[in-house]
Structure formats: structure tokens, C-alpha cells
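Novice: Once you've had a glance at the structure underneath, I'll fire off some questions.
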Amino acid sequence: MPAIQTNYTANIPAKKLGHIPDMTQADLISRTVETVAGIGFGLPVAQGADDKGCILFAGSGFIGVTTRDRSVLAGEQYARYESARILKKGPITVTASVAVVAGDPVYLTPAGAFTNVSTSNVAIPNSRFDTSASAGALANIFIK
């Protein structure tokens with residue numbers, strides 16, 4: 001029988017999009033992905049057309065952030081009609097669209113980017129950046 005895996009990384013990556021970074025209590029729900037192109041990990045989602053559906057956030061209706069799931073059918077995202085695991089409360093790794101500092105409040109741009117800028121953006125109530133990051137880098141947020 002041939003070897004299945006012959007190469008191993010020396011270290012586990014510290015952060016990946018949609019990763020739940022610690023064992024803090026988290027509130028997770030499942031929703032069916034309605035977005036035709038699918039939804040990647042660590043992205044904000046909104047209520048879909050169906051009661052238990054979700055779509056990629058586009059300015060309103062925020063319900064949570066997609067979590068990383070190794071059982072997805074195609075690569076680094078949930079495909080349309082797959083059941084997405086969504087974090088409503090707790091810690092999660094996202095991409096900071098601007099430089100952020102631990103303790104900053106979390107806002108979403110109308111396009112769904114995570115930021116600390118309040119102007120023209122939607123606040124995620126009771127949330128904060130847990131780690132500092134430069135623009136385009138991974139950061140942990142905590143939603144209470």
C-alpha cells in the first residue's frame with residue numbers, strides 16, 4: 001500500500017480564516033448557503049430568503065461569521081446548498097481590511113469587510129478586535 005502522506009509541515013499555521021482560535025464558549029448555528037458562488041470561511045453572512053438560509057453579507061441583516069470546516073465539498077468555502085457553520089458569539093479569525101488594534105470595535109463595510117472605522121459602516125454589537133493586525137492581515141475578533 002503506497003504512503004498517503006509523505007510531507008509534513010514543521011508547524012501548525014497560527015491563524016486561518018474562519019478558525020475558532022481558543023476554547024472560549026462559542027454560539028454556533030447552521031444555515032443553508034444560498035449564495036450561488038458559495039461563501040468562504042471567516043466571512044460575514046446575512047439572513048437569506050429561506051428561514052434557515054444565509055447569504056454573503058451585503059450591508060444589512062448580519063447573523064454571524066462562517067467558521068472553517070474541513071468537511072466542505074470544495075476547498076476553502078461552503079458551496080451553494082451546503083450547510084454552513086456560523087459563529088454568532090465567541091472568537092473567530094477574520095481579515096482586517098485596515099490596520100486594527102486589540103480592543104477596537106468591529107464594523108462591517110457594505111461590501112462585508114471587517115474594519116474598525118465607524119463611518120458609513122455597520123457595527124457588530126458587543127464585538128471587538130482581540131488581536132492587532134495590519135491592513136489585509138488576519139485578526140481575531142470576539143463577538144459577545
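Per UniProt numbering, numbering through the sequence shown is continuous, rising by one, with the last residue being 144.
We put the beta carbon where it would ideally sit given N, CA and C, even for glycine.
I39 and G64 look like a contact to me (Cβ under 8 Å); what is the Cβ gap, rounded to whole Å?
Specialist: Counting from one through the sequence shown, the residue named residue 39 turns up at place 39. Counting from one through the sequence shown, the residue named residue 64 turns up at place 64. Not a contact, Cβ separation roughly 11 Å.
Novice: Which one or two residues does DSSP pair with G64 in a beta bridge?
Specialist: To locate residue 64, count along the sequence shown from 1; it is residue 64. V45.
Novice: Enumerate in chain order the residues of its own chain whose CB-to-CB distance from A137 is below 8 Å, with the five nearest sequence positions on each side excluded.
Specialist: Numbered from 1 along the sequence shown, position 137 holds the residue referred to as residue 137. Scanning its chain for C-beta atoms nearer than 8 Å, with the 5 sequence neighbours on each side dropped, one finds around A137 the residues T95, A96, in chain order.
Novice: Of the residues A139, A3, Y78, which one's Cα is nearest the Cα of T93?
Specialist: By one-based count along the sequence shown, residue 93 stands at place 93. Closest option to T93, Cα to Cα, is A139.
Novice: Going by beta-carbon coordinates alone, are V33 and R70 separated by less than 7 Å?
Specialist: As a first step, residue 33 must be located in the sequence shown, where it is residue number 33. As a first step, residue 70 must be located in the sequence shown, where it is residue number 70. The answer is no: Cβ separation not under 7 Å.
Novice: Given a threshold of 16 other Cβ atoms within 10 Å of its Cβ, counted over all protein chains shown, does T24 qualify as buried or as exposed?
Specialist: Along the sequence shown, one-based indexing puts residue 24 at 24. The residue is exposed, with fewer than 16 neighbouring Cβ atoms inside 10 Å.
Novice: Taking Cβ positions, are A84 and G61 nearer each other than 7 Å?
Specialist: Residue numbering aside, residue 84 sits at position 84 when the sequence shown is read from its first letter. Residue numbering aside, residue 61 sits at position 61 when the sequence shown is read from its first letter. For the 7 Å CB-CB criterion, A84 and G61 do not form a contact.
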